[in-house]
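Enquirer: Quick one: the structure is below, questions incoming.
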Amino acid sequence: MIEVDEQQVTLSERAARQIVRILAKEPGKTALRVSVSGGGCSGFQYGFELDSSPGEDDIVIQRDGATVFVDSVSMMYMAGSEIDFVDDLIGASFQVRNPHATASCGCGTSFSI
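Each residue of the sequence shown is one higher than the last, beginning at 1 in the UniProt record's numbering.
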């Protein structure tokens, strides 16, 4: 587990509140894992899943009782990003606001650099 300066990737207040709500209903799960993988309509896509413990190369981000794990490879694509939770007419979802993304899809989970 690698501790990270919060300036590298931040967690919005809305996202932190939602993570705490979700984890309260999931016994044994302690964090939201955010990852980047190849695919999606723009070349890369974000993945979101619940996890119980960090891996050796995970960066741990914490805010207001919420914990997020990001593996070091995904962090290379996410540095400077904010993880947010959006609830609008299209639906509710976690989204990554990535300043390095040159294009993204309408759903907010696919991007290109």
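For each residue, glycine too, the CB sits at the ideal point set by N, CA and C.
Anyone know if the C-beta pair for residue 124 and residue 99 falls short of 8 Å?
Expert: Only positions 1 to 113 of the chain appear in the structure, and residue 124 is not among them; the question remains open.
Enquirer: Which residues mark the beginning and the end of the beta strand (DSSP E) in which residue 8 is found?
Expert: Note, residue 8: premise wrong, no beta strand (DSSP E); not H, not E.
Enquirer: Tell me whether the beta-carbon of residue 74 lies closer than 8 Å to the beta-carbon of residue 35.
Expert: yes
Enquirer: Along the chain, where does the alpha helix (DSSP H) containing residue 35 start, and where does it finish?
Expert: Premise fails: residue 35 lies in the beta strand (DSSP E), 31 to 38, not in any alpha helix (DSSP H).
Enquirer: With H, G and I counted as helix, E and B as strand and the rest as coil, what does DSSP make of residue 93?
Expert: strand
Enquirer: Taking only runs of the alpha helix (DSSP H) that begin and end inside the stretch 65 to 92, which ones reach a length of at least 4 residues, in chain order?
Expert: You should have 72 to 78.
Enquirer: For the beta strand (DSSP E) holding residue 47, just list the boundary residues, first then last.
Expert: 44 to 51 is the span of the beta strand (DSSP E), which, as asked, contains residue 47.
Enquirer: Going by beta-carbon coordinates alone, are residue 69 and residue 33 separated by less than 8 Å?
Expert: yes
Enquirer: Quick check: residue 11 and residue 101, are their CB atoms within less than 8 Å of each other?
Expert: Residue 101 is positioned such that its CB atom lies no closer than 8 Å to that of residue 11.
Enquirer: Suppose contacts are defined by Cβ-Cβ distances below 8 Å. Is residue 85 in contact with residue 31 by that definition?
Expert: no
Enquirer: Can you list, in chain order, the residues of its chain with a C-beta nearer than 6 Å to that of residue 18? Leave out the 5 residues immediately preceding and following it.
Expert: 85
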